Structure formats: C-alpha cells, structure tokens
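Chains as they are written, first to last, in numbering that gives the first Met the number 0: chain Z, 0 to 340; chain C, 0 to 340; chain P, 0 to 340; chain E, 0 to 340.
Protein chains: 4
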Amino acid sequence: MLNFSSDYTNGAHPEVLRRLVETNDEVLTTYGSDVYTESAKVKIRAACGAPEADIYFLAGGTQTNLTVISGMLGLCGAAVAAETGHIALHEAGAIEYTGHKVLTVPHRDGKITAEALEACLRGFYADDNHTHMPYPGLVYISHPTEYGTLYAKAELEALRAVCDAYDIPLFLDGARLGYGLASRQTDVSLSDIAALCDVFYIGGTKVGALCGEAVVFPRGNAPRHFFTIVKQHGALLAKGRLCGVQFDALFTDDLYLRISRHAIDCAERLKAILRGKGYRFFMETATNQQFVVLENAQMARLCEQVAFGYWEPFDEAHTVVRFATSWSTREEELAALAEIL
Amino acid sequence: MLNFSSDYTNGAHPEVLRRLVETNDEVLTTYGSDVYTESAKVKIRAACGAPEADIYFLAGGTQTNLTVISGMLGLCGAAVAAETGHIALHEAGAIEYTGHKVLTVPHRDGKITAEALEACLRGFYADDNHTHMPYPGLVYISHPTEYGTLYAKAELEALRAVCDAYDIPLFLDGARLGYGLASRQTDVSLSDIAALCDVFYIGGTKVGALCGEAVVFPRGNAPRHFFTIVKQHGALLAKGRLCGVQFDALFTDDLYLRISRHAIDCAERLKAILRGKGYRFFMETATNQQFVVLENAQMARLCEQVAFGYWEPFDEAHTVVRFATSWSTREEELAALAEIL
Amino acid sequence: MLNFSSDYTNGAHPEVLRRLVETNDEVLTTYGSDVYTESAKVKIRAACGAPEADIYFLAGGTQTNLTVISGMLGLCGAAVAAETGHIALHEAGAIEYTGHKVLTVPHRDGKITAEALEACLRGFYADDNHTHMPYPGLVYISHPTEYGTLYAKAELEALRAVCDAYDIPLFLDGARLGYGLASRQTDVSLSDIAALCDVFYIGGTKVGALCGEAVVFPRGNAPRHFFTIVKQHGALLAKGRLCGVQFDALFTDDLYLRISRHAIDCAERLKAILRGKGYRFFMETATNQQFVVLENAQMARLCEQVAFGYWEPFDEAHTVVRFATSWSTREEELAALAEIL
Amino acid sequence: MLNFSSDYTNGAHPEVLRRLVETNDEVLTTYGSDVYTESAKVKIRAACGAPEADIYFLAGGTQTNLTVISGMLGLCGAAVAAETGHIALHEAGAIEYTGHKVLTVPHRDGKITAEALEACLRGFYADDNHTHMPYPGLVYISHPTEYGTLYAKAELEALRAVCDAYDIPLFLDGARLGYGLASRQTDVSLSDIAALCDVFYIGGTKVGALCGEAVVFPRGNAPRHFFTIVKQHGALLAKGRLCGVQFDALFTDDLYLRISRHAIDCAERLKAILRGKGYRFFMETATNQQFVVLENAQMARLCEQVAFGYWEPFDEAHTVVRFATSWSTREEELAALAEIL
C-alpha cells in the first residue's frame with residue numbers, strides 16, 4: 000500500500016545508516032562524550048552560526064519538550080503555547096507531569112502571533128489576581144507547526160520583541176525543522192532561529208534519523224546542571240554515539256538540508272496533484288505536510304489504497320486528513336498516488 | 000469603610016470562636032485523632048446521611064483541591080473542569096504541580112452541563128490519538144460555582160449519569176457549600192450531594208471558620224493511604240483540634256446552615272437594593288455573591304466608600320464587580336450600602 | 000491522666016487566644032495582606048535584627064519544609080539532612096513528592112557536624128560520577144533537633160563556612176525554635192540564626208500558637224514568585240490573619256521567649272526529677288524534650304498514669320521514650336509526675 | 000588502547016545491526032505498532048514462558064526504572080532498594096523526580112537478602128509513626144547487581160515470599176540480564192524471573208543493542224494506561240522499530256544468550272589472568288564485571304595502556320576498579336591484557 004501517513008515510517012536515511020555501520024566496531028566513550036557527538040556539535044554550531052552554543056542530543060520529541068521546558072521554567076512558571084501546540088494536546092500531559100501548566104493562546108494557522116502573545120502577557124500582568132496564577136515563563140512555538148505552517152522571519156522577530164519586553168525565553172520545537180528550512184517559501188534560516196530563540200531543537204527522528212533531536216542553546220545558555228537534568232528525566236542515552244553519529248552524518252555536506260529539500264520537492268509535486276484533482280485544502284502549506292478535506296465515503300475508499308493521517312472531523316460528512324512526504328518519498332509513489340486520487 | 004469584598008474578611012463566627020476558647024486548655028491528642036474531630040465527623044456523617052463516610056479536615060481550599068485531586072487521579076489522569084473553574088484559573092497551577100492536567104470544558108454560568116461533559120468524554124475516546132493524551136480521570140465542579148450559581152438536582156443527576164457511563168469520579172468543591180445549601184432557590188441538599196458525588200468538601204473558611212474544609216468520601220471510599228497522602232501534601236495539621244473543634248461547632252444545632260441562611264437573607268436584601276437602584280447584573284445569583292457591571296468612573300467613586308471585589312473587565316468602559324455577603328454581614332451595613340449606591 | 004507526650008497537645012497560649020478573640024470582629028484583608036500580619040513581620044524583623052527580611056506565614060511544619068525546600072532548590076538539587084532529620088523520616092516523603100532527594104549524612108546527637116557536611120560535599124564533587132547524581136543544593140538542619148539537642152554558635156558558624164565554601168544555602172527548621180532560644184545552655188540568639196542562615200522558620204504550632212510557622216529570609220532573599228509558590232503548594236491561608244494575629248501576639252512583649260522559658264524551667268525540673276529517681280537518659284538535653292530508656296514492663300506500668308512519647312526500641316527489653324514539657328506545662332503536673340515515677 | 004571499561008562502548012552486535020540495515024527501507028507503523036516489535040514480543044514471551052506477558056520497549060535503563068517505578072507505585076509509595084542500587088545512587092534523583100522516595104536497606108554483595116527486606120518491612124509496620132512515612136510500595140533489585148553478583152534461585156524465591164507476605168510487587172532491573180542468565184554459576188532462568196517477579200526488564204543497551212530495554216509484565220499485569228504513561232514520561236519512541244527490530248534479532252536463534260555467553264567466557268578468562276597475576280579481588284563475580292583492588296601508583300601506570308572503570312576508593316593508597324567484558328570482547332584483547340597486567 001502507498002504510504003503518505005507520516006514522515007517517520009521509514010528507517011534512517013542511507014547515508015546516516017552507512018555511518019552507523021561504519022563506526023559500529025569502534026570503541027567509543029559513553030553518555031555523549033564520544034568523538035562523533037563532539038564532531039556533530041561542531042558542525043551544528045557552524046550551521047547555526049552559534050560558536051558558543053551548548054548542544055545536547057536527546058532521543059525524541061516529547062522527551063525533548065519536557066526536558067527543556069522543565070529545565071528552563073521556574074517553579075510556578077507556565078509554558079505559553081498555541082492551543083494547537085503539540086505540548087498542549089498530544090504529549091500525554093508530559094509537561095504537566097513535570098509540574099507546569101500549559102497556558103494556551105489562540106492560534107492562527109497553528110502559529111502564535113505577536114499580538115496574541117502580547118495580549119496574553121499584558122492580560123496576565125494586568126490581572127489583580129495574577130500572583131494567584133502560574134506566570135508565563137516560556138513561550139513554546141513549533142516551526143513548522145503542527146499544521147505544517149511556517150513563521151516568517153518578521154513574525155519571529157515580532158515574537159522575540161514581545162519576549163524581550165516581558166523577559167521570557169522563546170523555545171522553538173523543530174521536530175520537523177528541516178522541512179521548514181528547505182521550504183521554497185521561507186525567509187528563515189538556521190542562523191535566524193539561533194539568533195532569535197533562547198533554545199530550539201533540530202529534529203532528527205522525522206528528518207532522516209532513527210531517533211534523535213539536537214537541542215541547541217545558542218548562546219551557551221543551557222540551564223545549570225543540564226546534563227544531570229537530562230539524566231534525571233531519563234533522557235540520557237548510555238550509547239550517546241547513537242545520536243552523535245547520526246547527527247554528525249546529517250550535518251556533513253549539508254545532508255540535513257538536502258534530504259529535507261527532497262521532501263519539499265515531493266510535497267510541491269503532491270500539492271500539484273491534489274490541486275489538479277480538485278481536492279479541497281484545509282491547510283495548503285509550504286512544508287511536507289498537506290491537509291485536505293475529504294468526504295467521508297471518499298476517505299473510506301482511499302484508505303484501501305493509500306495510508307494517510309486522520310486528523311480531525313471537519314463536519315458530519317467530512318474529515319481533515321494529512322498527506323505527508325519525507326526524505327524517503329519516492330517519485331513512483333507520487334505517480335501511483337496521482338493514479339489513485 | 001463598608002465591606003462587601005468577600006466572605007472571608009472576618010474572623011470566626013462567635014459560636015465557633017467560643018468553642019475554641021472553651022476547649023483551649025484541654026489536653027487533646029494530635030493529627031486529627033482528638034475527640035472533637037471525631038465528634039465533628041459523627042455529626043457530618045449524620046448531616047450527610049452517609050454513615051460510612053470517610054472524613055478528613057484540611058486547612059484551605061486550594062490545599063484541599065490539590066490533595067483530593069492528586070489522591071484520586073491515576074498517573075495520566077486529568078481533572079475535567081469548567082474553563083471558569085477555580086482549579087483552572089486561580090490556584091497557581093497547584094493541580095499541574097501535582098502532575099496532572101486540567102482539561103477545561105465550556106461553562107454555562109460557571110457550570111458544566113452534562114452535555115458538555117459528555118461531549119468532552121465522547122470526543123476524547125473517539126480521538127484516534129487519545130492514548131497520546133491525558134485521559135479524563137475526575138470531574139471537578141464547584142457548588143456554588145465561582146459565579147455564585149448553583150446546580151439543580153437534576154443537573155447533578157445528569158452529570159452523575161455521565162460520570163457513571165464513563166466510570167469517572169465526581170468531585171464537588173464546596174468552598175461555599177453553606178451558601179448553596181441555604182439558598183432559597185435550590186433543591187439540592189447535603190444528602191443529595193453525598194449521594195451523587197464520589198468526594199466533596201464542606202467549606203469552613205468562607206462559612207464561619209477561621210480555616211478548615213471537611214473532605215467527605217461518602218461511601219467510605221477514600222483512596223488508600225489517604226492520611227499519609229494528606230501529610231505528604233503538607234496538609235496535615237499537628238493540632239487537628241483546630242479544625243475539629245470548629246467543625247464540631249458548625250455542625251452542632253445546625254449552625255452551619257443557620258449562619259449560611261443569614262448570608263442568603265442579606266444577599267436577597269442586597270439584590271433588592273441593587274435592583275432598586277437600577278444596577279445592571281452580570282450574574283444575579285441565588286447565593287451570597289452578586290456580580291454587577293459598573294461603569295468605570297462610577298466604580299472609582301464607589302471604591303472610596305465600599306470595598307467590593309474587582310472581577311474582570313466587561314468592556315473598555317465597564318467592569319464586572321462582585322458584592323459578597325456572608326454570615327457576618329450586618330443589617331446596618333446593608334442600610335449604609337443602600338445609601339451609597 | 001498526666002500528659003508529657005508532646006508540646007502540641009494544648010490549644011493556644013491564653014495571650015495568643017485573647018488576641019484572636021479581640022480581633023475577631025475586625026474586617027481584615029486576606030491572604031496575609033492584613034495589618035496584623037504586617038505588624039507581626041515588623042516585630043519579627045526587629046527580633047531577628049534583620050530589617051530587610053522577607054517573611055511568610057505558613058500553617059505547619061511539614062508544609063513549611065516542603066514549600067521552602069521546593070522553592071529554594073534547583074531541579075536536580077537535593078536537600079542534605081541528618082539521617083535523623085524530620086524531612087528524612089517523618090514527613091511522608093513530602094520532599095521527594097516535590098521532586099527532590101533527601102541526602103542523609105550521619106548525625107551526632109541529631110546534629111550535622113561541619114566535618115560530616117564537608118565530607119559529604121567534598122566526596123560528592125570528588126566522585127567521577129557526580130553529574131549522574133543529584134547535587135547537594137541545600138543544607139537542612141533543625142534547632143532544636145529531633146532529639147532536643149542544640150547547635151552551639153561555633154557549630155553553626157562552622158556549618159555556615161562549609162556552606163559558603165560550596166555555595167549552598169543553609170535552612171534551619173525551627174519548629175521548636177523558642178525552646179532552643181530559651182535554653183539555659185545556648186549561646187545562639189535569633190539574630191545569630193538570622194545572620195547565619197539563608198532561611199529559617201520560627202515555629203508557632205509547638206510554641207503557643209494553634210498553628211503557624213514564620214518563614215524568614217533574613218536578607219530579603221526569598222525566591223522569586225515565592226507568594227505564588229506558597230499558593231501553588233496549597234500553603235496560602237485565605238484568612239492570613241489567623242497566623243498574623245497569633246505571631247503578632249507572640250512577638251509582642253517578648254511573649255515567644257517568655258513562654259519558651261517557662262517550658263525550659265519545667266524541663267529543668269523534669270530532668271532533676273528523672274535524675275533523682277535514677278532514670279537512665281538516652282539523651283539529656285538543654286531543651287524541652289528529654290529522652291529516657293525504660294525497661295519495657297516499667298514502660299507498660301507508667302503508661303497507665305502518664306502519657307509520654309514512644310520513640311524507638313533500645314534493645315529487646317528496653318524502649319526509648321520522650322517526655323516533653325511546653326509553655327503549657329503546670330507545676331502540679333510535674334509534682335504529680337514526681338509521685339508516679 | 001585496550002578497553003575493559005564497560006559493556007557499552009561498542010555499537011550493536013553485527014547481527015542486530017544487520018537486521019536494522021535489512022529492514023531499513025521498509026515502511027512500518029509507528030510507536031511500537033510495527034510487525035518487528037510484535038514479533039519481538041512473541042519471541043520474548045516464549046523465551047520467558049509467559050504467554051500472557053505485556054511487553055514494552057524503552058530506550059534506556061534510567062528511563063525504564065523511572066517509568067516502571069512511577070507506573071507501579073501509589074502516591075505515597077517508596078521503592079525499596081539496596082543502598083548500592085542504581086536507582087539509589089546513580090540516576091540523578093530520577094525516582095525522586097517522579098515523587099517517590101527510595102528507601103534503602105543494607106546490601107550483601109550488592110544484593111538484598113530476604114532477611115533484610117523482611118526486617119525493613121516488619122520494622123516499618125511496627126513503627127507507630129508509619130502513617131507519617133512513605134510506605135514500601137515496590138522492591139527493586141538488580142540481577143546482575145551493580146557489583147556483578149547474582150541472586151540464586153532460592154534467594155529470589157525467598158524475596159518473593161516476603162513480597163507476597165507484604166503484598167508488594169517485585170521489580171528486577173535486568174540492564175545486564177544476559178550476563179546473569181549466561182553465567183556458569185547461576186540456577187536462575189528467564190522463566191524463573193518471569194515466574195518470580197511482577198515486572199522486570201531485559202537489557203539491550205549493554206547486551207548487543209544500540210539502545211533498548213524490554214519491560215516485561217509477565218502476567219499481563221501492566222498498570223492501566225501504561226502506553227500513555229510511557230509517553231508521559233517521554234519514553235515513547237516514534238520509530239518503535241528501532242527497539243523492535245533489535246530485540247527481534249536478539250531473540251532470534253537465542254542470540255541474546257549466545258552473545259552473553261561469549262562475554263562470560265571472556266570474563267572467566269579474565270578472572271584466570273587476574274588470579275594468575277596475583278591481583279586482589281574486591282568482588283570476583285560469576286558475570287561480566289570483575290572488581291579488583293589496585294595500589295594507586297599501579298593504577299596510574301595501567302591507565303596508560305588499558306581503560307577500566309574507576310569504582311570507588313578502597314583506602315588512602317588503593318582503589319577499586321572494574322574490568323568488564325562484553326559480547327564484543329575479543330580474544331586478542333584478553334591476550335594483550337595478560338601481557339600488560
């Protein structure tokens with residue numbers, strides 16, 4: 000069956016896998032102290048234009064979100080997120096489990112606008128009862144968002160300005176960052192993100208790795224004891240090489256961007272097909288995820304030939320579904336999809 | 000200055016105070032094992048028609064909410080509350096601090112309708128991703144609500160039916176329970192609450208005590224180790240007598256209801272005054288809290304002569320304020336207020 | 000029956016109770032913003048010689064320990080305590096519930112020596128694996144200790160020096176502080192404690208109040224958002240007056256010290272009686288708690304006429320028990336005890 | 000340089016790696032729903048003789064310990080561990096971070112004896128104050144222990160009997176389980192462990208995998224919502240195949256046991272070398288870790304040619320070090336080591 004259900008249904012990119020195989024027999028030190036992890040850090044710092052960056056490699060997205068947010072927030076601090084944010088919806092209450100509330104603000108296409116953020120923060124401090132409430136202590140955004148949309152550089156700058164005005168750190172969840180950076184419609188580079196965020200991560204799991212997210216504190220601003228915090232949250236891999244080697248490969252010869260661009264090329268082709276067939280977009284994005292409204296009977300028929308992601312009900316008779324491309328999507332799969340649709 | 004700002008600006012009801020004074024020199028055992036605590040439990044069980052009830056006395060409302068919810072919920076469980084619920088807004092993230100999400104549902108006059116609850120629960124289990132989400136593990140309602148409104152018995156029964164259908168416990172925050180029970184427009188008795196809820200508390204702090212809330216598990220259904228859980232949450236008073244004596248007094252000769260009725264009589268008088276003077280109600284309730292919309296300049300003027308509660312902005316030019324009566328409101332205060340308004 | 004079981008079996012000191020009664024009808028603001036709370040703070044700052052002190056009133060000891068420790072510690076920080084420390088043994092895991100380990104060090108008569116502390120800290124940082132361990136983030140001592148013993152000023156200074164060398168805050172649990180300050184064998188004043196500790200509390204529950212502990216951050220060094228943290232931990236009393244009035248009374252005309260001195264006088268008398276009758280001391284202290292080794296059959300006989308505290312088994316045939324005096328101990332009780340022993 | 004520092008300095012066993020490579024291009028479902036994860040579960044159930052077992056794959060040891068313990072324990076429950084237990088010492092306070100105390104008991108060669116456990120539990124319930132203490136809610140043992148020692152079957156049965164008597168679940172940390180099962184001096188099989196424990200895990204990270212631990216609830220007794228709990232603790236891998244494929248390989252044709260046996264053969268050879276050269280054993284074990292006491296100057300010299308694990312100071316002049324073999328140890332390494340020693 001054709002598969003456009005998500006961007007993590009394949010193993011590793013061949014080049015990433017090749018490096019795992021090549022280094023497999025080497026004796027390496029543990030817990031992220033090995034040479035490949037170090038090399039990956041050097042390359043990521045360079046790619047980010049952030050020579051002072053503290054970098055940590057964790058295994059997955061929810062783990063990274065909870066460890067970073069728990070590490071950054073003070074005791075009564077809350078994470079401000081879009082109501083559609085992954086931490087607000089689909090992480091099993093992991094943030095709350097670390098003791099922190101997720102304060103949601105209305106989204107626009109999955110994004111937080113500077114206006115919405117400012118309104119939230121202003122409203123909070125204007126409230127006579129705000130000392131009886133968890134204070135907004137960190138802003139969480141995702142880029143691409145859960146809807147595949149992207150912040151423009153000006154939007155990020157506006158958020159940054161609000162964060163500065165209220166002295167709140169900005170955290171960018173880049174679980175699919177590659178697909179944002181490689182988009183044809185973005186003006187945001189990795190250096191921009193490093194310059195504008197207090198912490199962010201470069202997603203590996205969904206962009207060519209078997210697992211792994213690279214957390215970047217661009218100005219050497221990791222919380223004190225962050226290594227121990229990672230361990231405390233169960234997020235320290237004994238064989239740190241597993242992430243180190245993979246990210247070293249991903250950041251060699253621009254592999255991360257190159258394979259992301261492939262996914263974007265496929266997504267553009269996919270959009271053309273969907274448009275050509277008259278499908279109705281719920282969210283037509285500049286990244287690797289496209290959201291389409293299907294009539295329910297049609298959805299049931301398609302299901303038999305192609306796997307896609309069920310997203311949410313649209314109305315009684317229709318459903319929003321997601322088609323995702325990835326670094327592993329093949330031309331013939333798109334051609335076959337074109338036949339089916 | 001006149002004071003209608005809240006129902007906890009005075010000390011204890013004279014009768015409650017008298018009993019504290021009378022018993023002061025007695026040597027009593029500690030941590031709630033004393034004879035007055037035991038006597039209070041016996042009287043509360045009788046008042047609730049719940050001879051098997053487990054009863055615990057805690058010091059305050061937020062403490063009670065966090066201890067009960069933490070004690071009742073499983074690891075990934077979330078508390079379902081109205082978006083206006085106290086635990087969702089004004090408890091400093093205390094529930095999240097215990098590791099649990101507060102899932103909010105839309106409110107109607109501060110209440111959760113059975114329909115809204117059912118929609119929330121049905122929607123949850125219909126969501127393909129629900130195993131990636133904290134599950135609804137307890138329903139939190141307040142009676143009176145944060146807006147002074149009351150559930151009708153039929154409404155509670157409908158909520159109970161939904162809770163039964165989904166096997167979720169129902170927790171009623173009765174911080175102001177007396178003012179609900181004594182309302183002229185309620186058909187809900189203490190026995191009804193004991194019959195319909197899995198756990199609830201009878202508020203003392205706002206109804207005549209210096210501090211104290213009586214948590215009732217009506218069918219002897221306290222979570223295992225609940226005494227230790229109370230201690231673990233810092234909620235166990237060494238001199239348990241402090242709550243025991245007060246609740247023993249409040250449940251002797253119907254004092255709790257009698258003093259609540261006084262507050263209701265005052266509230267009815269207050270409503271008549273407000274209505275007579277043409278004030279615009281934001282929420283005209285059957286309990287001791289009345290919410291009025293004031294023009295901002297008018298609010299500033301009134302502020303100089305009478306204390307009331309600032310609630311929330313209504314629009315640019317108006318504000319919602321709260322006038323609260325209590326067991327301690329005096330006739331002459333109402334008369335003076337009538338002069339001022 | 001005679002009662003020497005503990006120092007919290009009576010209500011409030013008459014003077015404290017009198018002030019609760021006198022102020023009962025006053026309308027006061029809430030959550031600790033009232034005039035009596037403010038007045039109590041002024042008096043405590045003066046008594047401590049700490050004009051900049053931040054002061055908060057909480058209801059009980061375990062609550063205070065968990066709120067202060069949780070508020071002071073960073074994410075991976077552990078509280079260092081004597082293995083006999085209250086937080087290590089008898090607080091239902093409340094510290095762990097806030098996410099922090101209690102690291103125990105060997106005790107000497109219930110105390111931590113500077114040597115033991117230094118050895119613990121030096122050992123920690125000397126351990127190659129220390130980044131895989133929770134770091135010592137706060138030192139917890141009690142004064143008087145759980146065994147009624149006291150730190151000499153030189154001992155506190157030595158602890159302070161170690162804390163300074165390792166940049167760790169020092170927290171003193173003063174649940175029974177009055178009985179330490181009033182001891183005939185102490186050279187430690189309240190000002191000394193304020194000068195040497197980063198945070199401490201002045202116990203009320205066991206020294207004349209119905210409830211209440213005054214937390215003092217002597218150099219205005221309360222953690223950011225501490226008011227909200229108190230609320231988040233369920234420790235904020237709506238009627239802050241309850242603690243405010245009591246501490247205002249306790250710190251008027253030296254009441255706190257005077258009533259503590261009474262307990263000490265009684266304890267000295269008690270010791271003389273025990274010594275005179277040939278009882279064997281397990282711990283003969285300079286404060287209000289005396290620990291005696293009883294033969295088990297003797298213990299069973301005494302039990303029938305006098306209440307004392309069972310402490311721990313001594314050997315197969317003997318048990319350590321505690322006799323405690325307090326502000327409320329009466330001459331005739333001591334005389335009666337002398338008859339019985 | 001020769002390397003005997005630990006058993007996780009190499010990548011994956013070639014056969015495990017081969018299967019990762021072979022399956023890499025397959026499109027597989029996510030979050031552990033894939034066919035290889037399912038196949039691994041079937042094989043592990045068979046190997047355990049536990050057809051009803053619930054099985055979950057997590058990435059690492061600390062993560063597994065904290066997720067399982069948090070999932071199994073009630074609110075005030077503590078994990079009972081040897082004072083040398085990994086969770087008590089080297090997991091950065093991860094268990095406490097989940098809100099639970101680690102109660103330590105004295106160890107014998109890294110093990111908990113049934114007597115020590117029984118004494119701990121009996122002592123707890125005999126203590127009048129036990130409701131003020133976290134209750135023992137789970138027993139944690141490791142097999143092999145942190146010192147490489149093994150429980151005899153009779154010892155496990157005796158622990159089980161105590162657990163049954165007190166109705167406490169028994170959790171076995173099998174981070175190095177293979178090296179225990181393959182020992183020449185064990186009478187404990189995987190089926191025995193499945194029969195005697197309530198939950199245990201089969202370690203992959205240290206026995207041939209890049210990462211991964213297989214948690215087994217042998218009687219289908221996983222806590223409710225355990226999948227969500229895993230997610231909540233950040234321990235759910237999006238590409239569940241990463242663990243699934245590896246464990247499927249490890250449990251095909253007895254690979255897990257075969258490679259473990261190789262490590263044991265190497266360890267026996269290592270012991271012979273050490274013995275032959277007159278080294279003094281601190282702990283001579285039947286598994287893959289051997290602990291030797293080195294004079295400090297000798298240690299410094301050896302350090303230059305061979306990597307080993309620094310364990311703990313023995314006395315002023317000596318240090319305990321660890322030599323570990325693994326599935327990846329080669330004959331020529333042992334020969335070279337024999338030359339050096």
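We treat Cβ as the ideally placed atom computed from N, Cα and C, and that holds for glycine. Fair warning: this is a prediction, and the values are worked out from it, not measured in the lab.
C-beta atoms of residue i and residue j nearer than 8 Å
{"i": "P:Ala234", "j": "P:Leu57", "result": "yes"}
{"i": "C:Ala323", "j": "C:Asp6", "result": "yes"}
{"i": "E:Met0", "j": "E:Gln288", "result": "no"}
{"i": "C:Pro143", "j": "C:Cys119", "result": "no"}
{"i": "Z:Cys265", "j": "Z:Thr328", "result": "yes"}
{"i": "C:Ile111", "j": "C:Leu158", "result": "yes"}
{"i": "P:Val215", "j": "P:Cys75", "result": "no"}
Residues that DSSP places opposite residue i in a beta bridge
{"i": "E:Phe342", "result": "Because chain E in this structure spans residues 0 to 340, residue 342 of chain E falls outside the shown range and cannot be described."}
{"i": "Z:Asp172", "result": "Z:Ser141"}
{"i": "E:Ile201", "result": "E:Ala213"}
{"i": "C:Thr56", "result": "Note that residue 56 of chain C is Phe in the sequence shown here, rather than Thr. According to DSSP, C:Phe56 bridges with C:Ala213."}
{"i": "P:Lys110", "result": "P:Arg107"}
{"i": "Z:Val79", "result": "Z:Leu102, Z:Val138"}
Contact with chain P by residue i, beta-carbon distance below 8 Å
{"i": "E:Asn2", "result": "no"}
{"i": "C:Cys302", "result": "no"}
{"i": "C:Asn9", "result": "yes"}
{"i": "C:Thr204", "result": "yes"}
{"i": "C:Leu155", "result": "no"}
Burial state of residue i, where buried means 16 or more other Cβ atoms lie within 10 Å
{"i": "C:Met132", "result": "buried"}
{"i": "P:Ser325", "result": "buried"}
{"i": "Z:Lys276", "result": "exposed"}
{"i": "Z:Ala221", "result": "buried"}
{"i": "C:Tyr200", "result": "buried"}
{"i": "P:Ile339", "result": "exposed"}
{"i": "E:Gln184", "result": "exposed"}
Cutoff 8 Å: residue i Cβ touching any chain Z Cβ
{"i": "E:Asn341", "result": "Absent from the structure is residue 341 of chain E, since the part of chain E shown begins at 0 and ends at 340."}
{"i": "P:Leu65", "result": "no"}
{"i": "C:Tyr309", "result": "yes"}
{"i": "E:Val214", "result": "no"}
{"i": "E:Ser5", "result": "yes"}
Residue-chain proximity (residue i, chain E), Cβ-Cβ < 8 Å
{"i": "P:Ala264", "result": "One point to set straight first is that residue 264 of chain P is Asp, not Ala, in the sequence displayed. No, P:Asp264 does not count as interfacial toward chain E."}
{"i": "P:Tyr165", "result": "no"}
{"i": "Z:Asn23", "result": "yes"}
Chain C within 8 Å of residue i, Cβ atoms only
{"i": "P:Ala185", "result": "The amino acid at residue 185 of chain P is misidentified as Ala; the sequence shows Thr. Chain C, which has no Cβ nearer than 8 Å to the Cβ of P:Thr185, makes this no."}
{"i": "P:Thr36", "result": "no"}
Quick one, which residues of the region 219–241 of chain C are near chain Z if we go by CB-CB under 7 Å, in chain order? Listed in chain order, the positions of the region 219–241 of chain C with a beta carbon within less than 7 Å of a beta carbon of chain Z would be empty, since no residue qualifies.
Return the residues of the region 88–104 of chain P that lie within a Cβ-Cβ distance of less than 8 Å from chain C, sorted by chain order. The residues in question are Glu90, Ala91, Gly92, Ala93, Tyr96.
If the cut-off is 7 Å on Cβ atoms, which residues from the region 117–148 of chain E count as contacting chain C, listed in chain order? Residues are counted here when their Cβ sits less than 7 Å from a Cβ of chain C; for the region 117–148 of chain E these are Thr130, His131, Tyr134, given in chain order.
Mind checking the region 49–80 of chain Z against chain P and listing, in chain order, the residues whose C-beta falls within less than 9 Å of any C-beta there? Those residues of the region 49–80 of chain Z that come within reach of chain P (Cβ to Cβ, closer than 9 Å) are Ser69, Gly70, Gly73, Leu74, Cys75, Gly76.
In chain order, what residues of the region 272–286 of chain E put their CB closer than 9 Å to some CB of chain P? Shown here is that no member of the region 272–286 of chain E has a Cβ falling below 9 Å from a Cβ of chain P.
Residues in the region 317–340 of chain C with C-beta within 9 Å of chain P's C-beta atoms, listed in sequence order? Listed by position, the residues of the region 317–340 of chain C near chain P (Cβ gap below 9 Å) are Ser327.
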